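Participant: The following block contains the structure, expressed as structure tokens.
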Amino acid sequence: MASKNYYDVTEWPVGNPYEDIGEVINSIIADIKSRQTDTDVNKGGKPGAVIYIPPGDYHLGSQVVIDISYLKIMGSGHGFTSSSIRFNTSENEWADLHELWPGGSRILVDIPLEVNDEEYKGAAFYVERSGNPRISSVEFSDFCIDGLHFIEDGSRETNPENTYTNGKTGIYVASACDSFRITGMGFVYLEHGITIYHADALTIHDNFIAECGNCIELRGWGQASKITDNLIGAGFKGYSIYAQNFGGLLITANNVFPRGASSIYFDGATRSSITNNRLHSFYPGMVVFRGNCSENLVSSNHFLRDHEPWTPFLGIDNGLDDLYGLLYISGNNNSVIANHFSEGINTQNIKPVGATPVIIRIVSGNGNYISNNHVVATEVHAKISDSCFSAQVDALLTTEASEPLTVTTVLVEKESLQNTILDSGSDAQVVMDKTLNAFRATPTPGA
Amino acid sequence: MASKNYYDVTEWPVGNPYEDIGEVINSIIADIKSRQTDTDVNKGGKPGAVIYIPPGDYHLGSQVVIDISYLKIMGSGHGFTSSSIRFNTSENEWADLHELWPGGSRILVDIPLEVNDEEYKGAAFYVERSGNPRISSVEFSDFCIDGLHFIEDGSRETNPENTYTNGKTGIYVASACDSFRITGMGFVYLEHGITIYHADALTIHDNFIAECGNCIELRGWGQASKITDNLIGAGFKGYSIYAQNFGGLLITANNVFPRGASSIYFDGATRSSITNNRLHSFYPGMVVFRGNCSENLVSSNHFLRDHEPWTPFLGIDNGLDDLYGLLYISGNNNSVIANHFSEGINTQNIKPVGATPVIIRIVSGNGNYISNNHVVATEVHAKISDSCFSAQVDALLTTEASEPLTVTTVLVEKESLQNTILDSGSDAQVVMDKTLNAFRATPTPGA
Amino acid sequence: MASKNYYDVTEWPVGNPYEDIGEVINSIIADIKSRQTDTDVNKGGKPGAVIYIPPGDYHLGSQVVIDISYLKIMGSGHGFTSSSIRFNTSENEWADLHELWPGGSRILVDIPLEVNDEEYKGAAFYVERSGNPRISSVEFSDFCIDGLHFIEDGSRETNPENTYTNGKTGIYVASACDSFRITGMGFVYLEHGITIYHADALTIHDNFIAECGNCIELRGWGQASKITDNLIGAGFKGYSIYAQNFGGLLITANNVFPRGASSIYFDGATRSSITNNRLHSFYPGMVVFRGNCSENLVSSNHFLRDHEPWTPFLGIDNGLDDLYGLLYISGNNNSVIANHFSEGINTQNIKPVGATPVIIRIVSGNGNYISNNHVVATEVHAKISDSCFSAQVDALLTTEASEPLTVTTVLVEKESLQNTILDSGSDAQVVMDKTLNAFRATPTPGA
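Shown next, in the form of structure tokens:
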């Protein structure tokens, strides 16, 4: 390779990437900055560089600090495996396992943390730059960031590997950023997978982000970005996808597994789209709009809510009851059109006891348009298994012999007015003041 | 490259990749296994490797057998071209062609096969491992797998290159797998492109899989996977996308061309999504739900069915008649919302003669919700051409001067009850027992 | 690298890639052609090659001419930054900017152009080949094409960097092509980003194409292609996405920003899908169907139209007034289902003065199906800012305290008949001959 802008962490003379890849990458970044000093040389000057991480196990003890644009960090393998299954396998079986750890181009996040450290200090990759322009076109591609272990968090959880707590973050972007790309990555066993403040034109595409306390958090504010085609699944305490004060966010083609406390959580997000995703959860509150979320579109999504089938997480939930709604809306002028909702639960588990579960719930705000959603609610007798995989598959494929479950398909609270509810439930299934909201019942067979 | 976990097939000392890349890759895998022997060394141990295939023609005589996780095999070119057009071009024109064969990083599948060999023996890449954990994060990226020729299959097909039969498979995964990725690949002239048993969290994204007998087959059972953003088109005998006993599958953003016997075939698939695809077929039975497929969502898809315009395949079909339905449903509680259906056929070709073609057909199962689908049916006089490309483009763009064609937009068989059919056809176009199913006709202009 | 089919522009002995990468790549292509001469050697012969461009600033003075299949040109960084913001920053602040130019693997298009040169002469990459087969599987991946500057165009625009005019094109494909791929690229400050004639099975996926006069133009005719998951935003004079005489095009999962004259423009396109996109514009005419566009599906899109908030472009528009429609349809049998439309404008800015703005407008053609679209129209008092980013974010997030705005949600002109308009506006909001078109009003709260 004749170009000085291509770096391989295993060939860099400073540091040992297997012992501390953070030191190596920081040294490379320093080298780029020492070579690319002038902003305007013959119409160029700071093109950045690519840092390649071949497959291997790389401990990261020093946080990587990125403050240059056009830096691409890439590996050759997202390396996901289920650490959750491994850590919930009896230790006496470990000797028989083919692998114990994730792999690929794998960063082992080994940053020493103090109890009261600020959150960002636990980030493997920390991006921050003040001044102008906003840092642009930093790319992360095709490698794995592994937090290794969760730890005791003071909860009653007996296996510390199930706490989803360790103070570690994969990628943390602290300052406003433009045109970043995160693609083909694997994130596992981090308390926070990706945390980004003030994003513009961000791409989070085709990643595998699972068994993290939280997966994707877009904080502060942001605009015109996309979260597309990812496999995602947070822990029971956290967010799978979270967006704060965001406009023009497109969330599509994601397959969001359990067991996040929510699948998608909007806090003051507007004019954004949640379309065409497959969402699966073990709890209510799958999609939540808080803080006056307005003019968003929720369309062509498949919502599935059923019960936890895997032994280690039995009895755990997100604290919400069945009156909360699978889709919870606070805000104005949102559209909820052409979604499918499947709720398969055991009436004995309904909270509060005897309640009629709610599917779509509008708690405040006016002018929402809820149309042509199909709700399938069935009473199921969930099976429980020690095998995570077969338990889920069994549950997913069980549709025979299920009894209908009475639900409220749409509940509009009194604080919300002027909504339009069409073809999303029968007269009995839609609970609201029908003089203050518009309504057309789904026609009923035989009626 | 200082890392031992990066391999280039053209630099490996064992075997000759141009003569038998299978021998080379198997030797590399053996090397990885000999070096990565310990499952737990300083929190790692088996990170896997990447094997790079530069552009070139690589014969594969020995099947590649993969039984390690975190192996990535990548090239630099999906290399698709239409072998079908080439093999249906007169041989005396071949000398004038710029290229005769596909290219890129191209595997030529030359495995010697016996007539009664089991299917998996014809696979270029065979993945199998028993024990725990399931084999994880094997990745195939950016190369081409070419089956070279189809062969005589005893049918009346006069050109053996049009049989879609040769006993060859591109990638065959026999045992349960997790977090596999297949991206940026090209598959051509294989009897089976991708065959995967027992998939979990599988990604099949942004590939070109065409002119294969079957393109994607997910067999056995599986869950929580995605087939997204692919260009796909099987032969007239086979599946473009097939899924068996699958839960939580997301099929979206695919452009599925003719001439598969079906575009998407579900056998006992549940709680899955077929959303936002463009589907084109020359036969009925475009999307088929067999074996009690329940709680699936079919939304925002564009269905187009018209006639074969290309001379070599005239007279061939998938054996289904026009009463079968473009969308055939056996199952409960499915949602079919906001789809567009275009059927442009010649009344003289309708089978049985004089029949009224069916668009959506529910043959069994209850509680399906069919809403806001738009059916456009026109009588067309299909043109036929010796040029595959111009024939299709002409047909696609011909919409002028077409006469309306009478169709049944929704047919609910007597075995199916309690369905809801809304705004998906006029009273005359929706055929069912309207006392046992709910119905609202699409309003008619002037009515 | 033992393979001769892998080239690195920085290692090639002919030319200097930093001075003229065009000369280098053309020399490499000549080398490929000199080595790969035979079309049929042991079932192969012309596999093509990959040309790698490491991160860096590469001037291109000589146009790259591509006439071989299976050529992949790839970099390691899409390198986008906002040149528009930079060029609208006061020059005396430039010294304080971290970067002035885009980066990554960056091509600086420096082709000397004469005033009356034909358009293709300004293309950095020019693809053309006559004869058969059509040129196939050329791939562009992960690099940046930068047009550097816009120039005076005779308009009243005072800053020539805001004209979106410079005669430069990124990629220009002149002859029929098959199975091309453009992925992970950045395009900036080009008059035309991607111009492709006669495309078949084209993939334009996951690119960043912005601040170009026009972004994607598919000309002539074409079929069975996809434009997916891109970030796109043309200049005020041009097309973000344009398709001519195209059948079976799938446009999905794109986030299309302002300020293109249109977001998506179809000229005679048929049986195509615009689904699941996020579209944002400062002008009417966001999606335009001209020239008898028929049997297309527009579904699950989020349309947002508001006012320009950034000082440098105040007062500029695309020349269309508010009666034109955000979605303009000329054609038959199209489907418009389950879309969200937000229009937030200042009544004082409405053109013509006092007019009632139109959202969906059908000007000609019959049989269109417009169903379950939600229109949110509000009076806003747009803020203006010298900061491009904060101005847009502020506007996007402002939904409080907005007053409803009276609009025509659907206008069907007299030339168009037999359309069906359902649940897309009240009786007053839908303007058409209700005896010649079918209509069902969205139920009104309290009615």
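Protein chains in written order, with our numbering: chain W, 5 to 451; chain U, 5 to 451; chain Y, 5 to 451.
Note that CB positions come from ideal geometry on N, CA and C, so glycine has one too.
All figures in this text were calculated on a predicted structure; none of them were measured in a lab.
Using beta carbons (cut-off 9 Å, strictly below), is W/Gly422 in contact with chain Y?
Facilitator: In the sequence on display, residue 422 of chain W carries Gln and not Gly. Yes, contact with chain Y.
Participant: Rounding to the nearest angstrom, what Cα-Cα distance links W/Asn20 and W/Asn249 in this structure?
Facilitator: If you take the alpha carbons of W/Asn20 and W/Asn249, they lie about 41 Å apart.
Participant: Which of helix, strand or coil does DSSP assign to W/Ile460?
Facilitator: Only positions 5 to 451 of chain W appear in this structure, which leaves residue 460 of chain W out of reach.
Participant: Does any residue of chain Y have a CB that is nearer than 9 Å to the CB of U/Arg263?
Facilitator: no
Participant: Hey, out of U/Cys216, U/Phe240, U/Ile236, U/Leu254, whose CA is closest to U/Ser229's CA?
Facilitator: U/Leu254
Participant: Quick check: is the beta carbon of Y/Ile3 nearer than 9 Å to any beta carbon in chain W?
Facilitator: Outside the modelled stretch of chain Y, which goes from 5 to 451, sits residue 3 of chain Y, for which no answer is possible.
Participant: Quick check: Y/Asn322 and Y/Ser266, are their CB atoms within less than 9 Å of each other?
Facilitator: Yes.
Participant: In three-state terms, what does DSSP make of Y/Glu299?
Facilitator: coil
Participant: Is the segment 117 to 124 of chain Y close to the segment 44 to 63 of chain W, with three or more CB pairs under 8 Å?
Facilitator: No contact exists between the segment 117 to 124 of chain Y and the segment 44 to 63 of chain W.
Participant: Under a Cβ-count criterion, where at least 16 other Cβ atoms within 10 Å of its own Cβ denotes burial, should U/Arg309 be classed as buried or exposed?
Facilitator: buried
Participant: Nearest to U/Gln433 by alpha carbon, out of U/Gly171, U/Leu112, U/Val379?
Facilitator: Looking at U/Gly171, U/Leu112, U/Val379, the one whose alpha-carbon comes closest to that of U/Gln433 is U/Val379.
Participant: Using a Cβ-Cβ cutoff of less than 6 Å, which residues in the same chain neighbour Y/Leu409 once the five nearest sequence positions on both sides are dropped?
Facilitator: Ala381, Thr382, Glu383
Participant: What do you reckon, are the CB atoms on W/Thr187 and W/His209 nearer than 9 Å?
Facilitator: yes
Participant: Which residues bound the beta strand (DSSP E) around Y/Ile333?
Facilitator: 331 to 334
Participant: Strictly under 9 Å for the Cβ-Cβ distance: is W/Val380 near chain U by that measure?
Facilitator: yes
Participant: Once DSSP output is grouped into helix, strand and coil, what is the label at U/Phe144?
Facilitator: strand
Participant: By a C-beta neighbour count over all protein chains shown, 10 Å radius and 16 as the cutoff for buried, is U/Glu103 buried or exposed?
Facilitator: That one is buried.
Participant: Residues of the segment 217 to 233 of chain W with a CB closer than 8 Å to any CB of chain Y: list them in chain order, please.
Facilitator: Only Trp225, Gly226, Gln227, Ala228, Ser229, Lys230, Thr232, Asp233 from the segment 217 to 233 of chain W bring a Cβ to less than 8 Å from some Cβ of chain Y.
Participant: Would a C-beta distance cut-off of 9 Å place Y/Ala442 and U/Pro449 closer than the cut-off?
Facilitator: Between Y/Ala442 and U/Pro449, the C-beta gap is smaller than 9 Å, which places the two residues in contact.
Participant: Going along chain Y, which residues have a C-beta under 8 Å from W/Asp35?
Facilitator: Result: empty, since nearest Cβ-Cβ is about 13 Å, beyond 8 Å.
Participant: Would you call the CB atoms of Y/Tyr332 and Y/Arg282 closer than 9 Å?
Facilitator: no
Participant: Where do the ends of the alpha helix (DSSP H) carrying U/Phe393 lie?
Facilitator: 392 to 401
Participant: Going along the chain, which residues of its own chain have a beta-carbon closer than 7 Å to the beta-carbon of U/Ser94, five neighbours each way excluded?
Facilitator: none
Participant: Under the assumption that W/Ser80 contacts W/Asp146 (Cβ atoms under 8 Å), give the Cβ distance between them as a whole number of angstroms.
Facilitator: Yes, they are in contact, since the Cβ atoms of W/Ser80 and W/Asp146 sit about 6 Å apart, within 8 Å.
Participant: Please state the DSSP three-state secondary structure of U/Asp271.
Facilitator: strand
Participant: Quick check on the DSSP output: the beta strand (DSSP E) that includes Y/Phe307 runs from which residue to which?
Facilitator: Y/Phe307 -> beta strand (DSSP E) spans 306 to 309.
Participant: Looking at C-beta atoms only, is the number of pairs between the segment 179 to 193 of chain Y and the segment 210 to 219 of chain Y that lie closer than 8 Å three or more?
Facilitator: yes
Participant: The alpha helix (DSSP H) with U/Arg444 in it runs from where to where?
Facilitator: Segment 442 to 444 is the beta strand (DSSP E) holding U/Arg444; no alpha helix (DSSP H) there.
Participant: With a cut-off of 9 Å, does the C-beta of U/Asn259 fall near any C-beta of chain Y?
Facilitator: yes
Participant: Taking a cut of 8 Å between CB atoms, which residues from the segment 415 to 448 of chain U lie near chain W?
Facilitator: Leu421, Gln422, Asn423, Thr424, Leu426, Thr439, Leu440, Asn441, Ala442, Phe443, Arg444
Participant: In chain W, what lies closer than 7 Å to Y/Asn376 by C-beta?
Facilitator: Ile341, Ser375, Asn376
Participant: Using a C-beta cutoff of 9 Å, does U/Pro51 count as contacting chain W?
Facilitator: yes
Participant: Against U/Asn280, what residues of chain W qualify as contacts under a CB-to-CB distance less than 9 Å, listed in chain order?
Facilitator: Thr256, Ala257, Thr279, Asn280, Ser304
Participant: By DSSP, does Y/Arg39 sit in helix, in strand, or in coil?
Facilitator: Correct three-state label for Y/Arg39: helix.
Participant: Which bits of chain U does Y/Val119 rub up against, with CB to CB less than 9 Å?
Facilitator: Going along chain U, no residue has its Cβ under 9 Å from Y/Val119, so there is no contact; the nearest lies around 35 Å.
Participant: For the alpha helix (DSSP H) containing Y/Ile89, name the first residue and the last one.
Facilitator: 87 to 91
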